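Numbering (the working numbering), first residue to last: 11 to 199.
See below for the structure under consideration.
Next comes the structure, spelled out in structure tokens:
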């Protein structure tokens, strides 16, 4: 059965078929789509990297950061980049865990797209990193939408880390979520 949700795009409602959501490595040709969301302060406010101020900055970021990264995927709607998911595996004795982060363009918020992207990503990450036992996410306590995305996928809230994360010069409390390799992705959104 096809899942259909709608999103506000400019002034017109457009149906979003969640079955058309996919993940793939970034390509240089993503620059225009990438700039639409990576150039939006609303999207990047909770990210460690700055908002892209030009297409040239977006191109450099794709070329120098996204493409060489071992597990950074573009969240795509009909093969157009509308966001990303990144995994940062730990090393040495801590190689059993990895951090995961994500964002999507503000035009697509509230449509189930981030949830769908994570539901695709999590099993693939555990396949790609066979020694991985734990994925963890750190979310600003005020970002309740992102917390809900993780919960809908099946991540477990472990607690609040006070004054833990510094984003753009501001130290904030973070909520820690985890998902273990032995756990199942939740079926319903």
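All C-beta atoms in this analysis are idealised placements derived from N, C-alpha and C, irrespective of residue type, glycine included.
Keep in mind that this is a model prediction, so the values were computed, not measured.
- In the DSSP assignment, residue 172 falls outside any alpha helix (DSSP H) and within the unbroken beta strand (DSSP E) covering 166-177.
- Every beta strand (DSSP E) stretch that sits fully inside the region 45-116 and reaches 3 residues is listed by chain position as 82-87, 90-99 and 107-114.
- Ranked by Cα distance from residue 170, the options 154, 178, 179 and 163 are led by 154.
- Residues 43 of the same chain have their beta carbon placed closer than 6 Å to that of residue 90, with the five preceding and five following residues left out of the count.
- Look at residue 151 here: in three-state DSSP terms it is coil, with no helix or strand label.
- Remark: C-beta atoms of residue 123 and residue 92 approach each other more closely than 8 Å.
- Taking C-alpha positions only, residue 131 is separated from residue 156 by approximately 16 Å.
- The Cβ atoms of residue 159 and residue 128 sit closer than 8 Å to each other.
- When secondary structure is reduced to three states using DSSP, residue 121 falls in the coil class, being assigned neither helix nor strand.
- Take residue 45, set aside five residues on each side of it, and the residues of its chain with a beta-carbon closer than 7 Å to its own are 62, 65 and 68, in chain order.
- The C-beta separation of residue 86 from residue 32 comes to about 5 Å, placing the pair in contact by the 8 Å criterion.
- Spatial neighbours of residue 71 in its own chain (CB-CB distance under 8 Å, excluding positions within 5 residues in sequence) are listed in chain order as 44, 48, 59 and 62.
- Residue 135 is positioned such that its CB atom lies no closer than 8 Å to that of residue 163.
- Within the DSSP bridge table, the entry for residue 145 names 108 and 189 as partners.
- Taking all protein chains shown into account, residue 184 has 16 or more neighbouring C-beta atoms within 10 Å of its C-beta and is therefore buried.
- Burial state of residue 115 is buried, judged by a 10 Å Cβ sphere holding 16 or more other Cβ atoms.
- The straight-line gap separating the alpha-carbon atoms of residue 35 and residue 138 is approximately 14 Å.
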